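Undergrad:
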Amino acid sequence: MTNVTLITGDGIGPEIAEAARRCIDATGANIHWEPAEAGVDVMARLGTPLPDATIESVKKNGVALKAPITTPVGTGFRSINVYLRQSLDLYACLRPCKSYKGVRSKYDNIDLVLVRENTEDLYAGIE
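The sequence shown begins at 368 in this note's numbering and counts up one residue at a time.
#1: Under 8 Å Cβ to Cβ from residue 397, same chain only, skipping five residues before and after it: list those, please.
#2: Between the alpha carbons of residue 372 and residue 476, how many angstroms are there, rounded?
#3: Is it the case that the segment 428 to 448 contacts the segment 470 to 484, given that we only count it when at least three CB pairs across the two stretches are under 8 Å?
#4: Would you list the one or two residues that DSSP bridges to residue 415?
#5: What separation, rounded to the nearest whole angstrom, lies between the Cα atoms of residue 447 and residue 481?
#6: Could you tell me which residues DSSP puts in a beta bridge with residue 460?
#7: Alpha carbon to alpha carbon, what distance is there between residue 424 and residue 487?
#8: Classify residue 455 as helix, strand or coil using the three-state DSSP reduction.
#9: How would you call residue 375, buried or exposed, if buried means at least 16 neighbouring beta carbons within 10 angstroms?
#10: Determine the closest residue to residue 457 out of 407, 485, 399, with distance taken between C-alpha atoms.
#11: Apply the 10 Å Cβ neighbour rule to residue 382 and answer buried if 16 or more other Cβ atoms are within range, or exposed otherwise.
#12: Quick check on residue 386: buried or exposed, where buried means 16 or more other Cβ atoms within 10 Å of its Cβ?
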């Protein structure tokens, strides 16, 4: 059995997290979901948008599925996504792009992986 931290997020996050969990469960994968919190609702209740327990759960399990989380505009609190990336040293973001036979697309025979830097530049978290 694989333990996976499920960060349910806020806004539409919980609905998306539940749908994703159900889809993955339908594959028969042997997963134990460990729910974790993050987001504006959590900040209102606990005084932080990203509790230490959530970070510790991800570190312990080594894998997480994260639903959408509010990104602050202006001042208030630091982006939870940026904080997660930096605290867990998630410095690279892989973006695969592939064409499939039988699926119409503008280009054929595409098999490309973009590697994006994930913690500096636009993601520095300087709000």
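C-beta: ideal position from N, C-alpha, C; glycine also.
Computed from a predicted model, the values in this text were never measured in an experiment.
TA: In short, the structure shows the following:
#1: 368, 369
#2: 35 Å
#3: Flag = no, the segment 470 to 484 and the segment 428 to 448 do not touch.
#4: The partner list for residue 415 (beta bridge, DSSP) is empty, contrary to what the question assumes.
#5: 23 Å
#6: 483
#7: Rounded to the nearest angstrom, the two C-alpha atoms are 25 Å apart.
#8: coil
#9: buried
#10: 485
#11: exposed
#12: Label assigned to residue 386: exposed.
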